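Single-structure report; data block below.
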Amino acid sequence: MVERQIRARGLRTPAVLEAMAAVPRHLFVDESYIAQAYEDHPLPIGHGQTISQPYMVALLADALGPGPGDRVLDIGTGSGYQCAVLGRMAPWVVSVELVGGLASSAACVLRRLGYANVACIVGDGSTCGFLRTHFDCIGVAAAAPEIPAVYCDLLAEGGRLVLPVGSPGLQQLLRVRRLGGRFIEESLTSCVYVPLRGAGAGGRSDRFD
Ligand code: SAH
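Mapping to our numbering: the sequence shown position 61 is 132, numbers consecutive.
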């Protein structure tokens with residue numbers, strides 16, 4: 072998976088490749104999908120949601136670039152796979168999931184694998200009203216029509232926000248950097264993610280249903 076899907080597409084950051092090689096992706100999917108766990112596409116994880124394609128997980132982690140002292144916020148825990156990858160690159164990760172059933176099974180797998188530095192919270196990650204700290208990295212695994220304002224507020228100076236923004240069938244993966252009080256936005260690639268729901272998802276989340 073790492074050689075053919077990630078390195079072959081030009082992603083060479085050692086910390087990302089190491090994390091992707093280390094996390095056992097097959098433990099984050101349902102038994103019936105284990106044989107496909109390392110294939111080059113997303114897979115269903117129940118509740119109408121998906122575990123992202125491995126390359127997209129690697130690309131998001133690479134664009135966030137978490138370093139040794141960085142606090143990471145992961146929105147849309149889903150299976151827990153993306154936050155496990157981030158948990159290998161950063162000292163601590165807070166992951167937020169709207170669907171309680173997904174959050175609890177993700178927390179179970181993460182505990183079993185010993186990710187003591189990853190905290191799973193059930194809540195609306197489109198508003199994050201329960202968070203009181205800034206983050207150096209914010210990764211969002213669900214798409215909104217616009218950048219939810221809360222993520223810019225939660226981003227520390229020098230921090231990176233990576234998220235899909237666009238219409239239900241097609242989005243751009245954006246990276247926003249907070250530098251000197253300014254927000255600098257760049258587009259990384261086209262992508263298709265499941266919709267971000269909740270009160271802060273742009274007020275138009277019904278479009279995604
Ligand atoms: N990172 C996940 C991908 C999950 S798909 C993985 O590696 O498996 C996106 C997830 O975002 C879904 O589980 C969905 O329930 C969740 N989600 C959607 N809107 C949300 C919100 N407002 N707050 C938190 N999670 C949300």
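For every residue, glycine included, the Cβ atom is placed at its ideal position computed from N, Cα and C. Because the structure is a prediction, the values reported are computed rather than measured.
Start-to-end residues for the alpha helix (DSSP H) that takes in residue i
i: Ala93; result: Pro85 to Ala93
i: Cys223; result: Ala220 to Leu225
Residue i vs residue j beta-carbon contact at 8 Å
i: Ala155; j: Leu184; result: yes
i: Gly136; j: Arg231; result: yes
i: Gly210; j: Ile146; result: yes
i: Gln153; j: Ala92; result: no
i: Leu244; j: Thr260; result: yes
i: Leu173; j: His97; result: no
i: Val100; j: Ile116; result: yes
i: Ala129; j: Val94; result: no
i: Ile218; j: Val189; result: no
i: Val164; j: Gly158; result: yes
i: Cys262; j: Gln242; result: yes
Per DSSP, the bridge partner or partners of residue i
i: Ile192; result: Val167
i: Cys208; result: Val143 and Arg231
i: Arg80; result: Partner(s): none; Arg80 has no beta bridge.
i: Ile122; result: Leu114
i: Val247; result: Leu232 and Glu256
i: Cys262; result: Gln242
i: Gly237; result: Gln242
i: Ala215; result: Val236
Same chain only: Cβ atoms within 7 Å of residue i, ignoring 5 sequence neighbours per side
i: Arg124; result: Note on identity: in this sequence residue 124 is Gln, with Arg being the wrong assignment. Within the same chain, Gln124 has close Cβ partners Asp111, His112 and Pro113.
i: Phe206; result: Arg142, Val143, Leu144, Leu225, Leu226, Ala227 and Gly230
i: Thr198; result: Val221, Gly269, Ala270 and Gly271
i: Val180; result: Leu98, Phe99 and Gly151
i: Asp133; result: Leu82, Thr84 and Val87
Segment limits, beta strand (DSSP E) that includes residue i
i: Gln153; result: No beta strand (DSSP E) contains Gln153, which is instead part of the alpha helix (DSSP H) from Tyr152 to Gly158.
i: Pro125; result: First-last for Pro125: Pro125 to Leu135, but that is the alpha helix (DSSP H), not the beta strand (DSSP E).
Exposed unless 16 or more other CB atoms sit within 10 angstroms - verdict on residue i
i: Pro266; result: buried
i: Pro296; result: Lying outside 72 to 280, the shown extent of the chain, residue 296 is not represented and no answer is given.
i: Val201; result: Looking at the sequence shown, residue 201 is not Val but Phe. It counts as exposed.
i: Gly138; result: exposed
i: Leu250; result: exposed
i: Ala106; result: exposed
i: Ser176; result: buried
i: Thr204; result: exposed
Same chain, Cβ closer than 6 Å to residue i, five either side skipped, listed in chain order
i: Tyr104; result: Leu114
i: Gly196; result: Ile146 and Val167
i: Gly194; result: Val167 and Phe201
i: Ile255; result: Arg248
i: Met160; result: Ala86, Ala90 and Pro137
i: Ala108; result: Arg96, His97 and Val100
Min CB distance residue i to chain B below 8 Å
i: Pro235; result: The structure shown contains no chain B; it holds only a single protein chain.
Own chain, CB closer than 8 Å to residue i, minus 5 neighbours either side, in chain order
i: Arg80; result: Tyr126
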